[in-house]
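Enquirer: Numbered according to numbering that gives the first Met the number 0, the sequence shown terminates at residue 178, and the numbering increases by one at each position without gaps.
Quick reminder that beta carbons are idealized off the backbone N, C-alpha and C, glycines included.
Every value quoted in this text rests on a predicted model; they were computed, and no experiment measured them.
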Amino acid sequence: MGGSDLRTASPFVLRCLSDLRPVLGSRPTALDVAMGSGRHAVALAESGFRVFGVDCDYERVGQALRRLRGEGHKPGFWVADLELYPLPKGHFDVVLCTRYLQRTLWPRLQQAVAPRGFVLYETFTVEQCFYEWGPRSSKHLLRPGELRGVFADWDLWVYEERSAPAAEAGLLVRRPDGG
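So this is what it looks like as structure tokens:
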């Protein structure tokens, strides 16, 4: 299978984190949704965030927990089915989701963000079908402009759609004052 190294953070996420840290103050909170083995949880912790994460895979959450604890961090991770589990409302300064698309989750991600907090989202687009790896079902692929449309009422900081090294859309938006 092709694709990026799933042990290191996405370059898009790293760029956005460098933009976020100066505006969030000391020890902001971040939730890594569908966190897998924690590649972005590590980047968040190294950027000074108090890190929380959720995934449905017990083994991968355990791997992430051992990795972050081994590096001296104290994350708050839990195992849950995101189809069923409610996220805490208004709690996180940043909600991060990468390479996971569950359209029904979007309202809950928005609600989990604290006032003036951010959503950082990156996942595959329909152009990924041209690659020999990655998702194929439209259920797991964004249409052009779809992600931006979901957050149209939020303050846009960064938005891009690219076709290499993978076909992905990335978004960084801030919850408006009225949130």
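Check the C-beta distance from residue 157 over to residue 171 and give it rounded, since I have them as a contact under 8 Å.
Expert: The Cβ separation is near 4 Å, so the contact holds.
Enquirer: Could you tell me the alpha carbon to alpha carbon distance between residue 28 and residue 163, rounded to whole angstroms?
Expert: Computed Cα separation, rounded: 31 Å.
Enquirer: With C-beta atoms as the reference, is residue 89 less than 7 Å away from residue 63?
Expert: No.
Enquirer: I'd like the ranges of any alpha helix (DSSP H) spanning at least 4 consecutive residues and lying wholly in the stretch 98 to 154.
Expert: Counting only runs of 4 or more, we get 105 to 111 and 145 to 149.
Enquirer: Within the chosen definition, does the stretch 89 to 103 reach the stretch 56 to 76 through at least 3 CB pairs nearer than 8 Å?
Expert: No, the stretch 89 to 103 does not touch the stretch 56 to 76.
Enquirer: Pull up the CB-CB distance for residue 93 and residue 108, whole angstroms please, since I reckon it's below 8 Å.
Expert: The pair is not a contact, with the Cβ atoms about 11 Å apart (cut-off 8 Å).
Enquirer: Under 6 Å: does the beta carbon of residue 21 sit that close to some heavy atom of the ligand COA?
Expert: In terms of ligand content, the structure shown is empty, and the ligand COA therefore cannot be addressed.
Enquirer: DSSP state of residue 158, grouped into three classes?
Expert: Strand.
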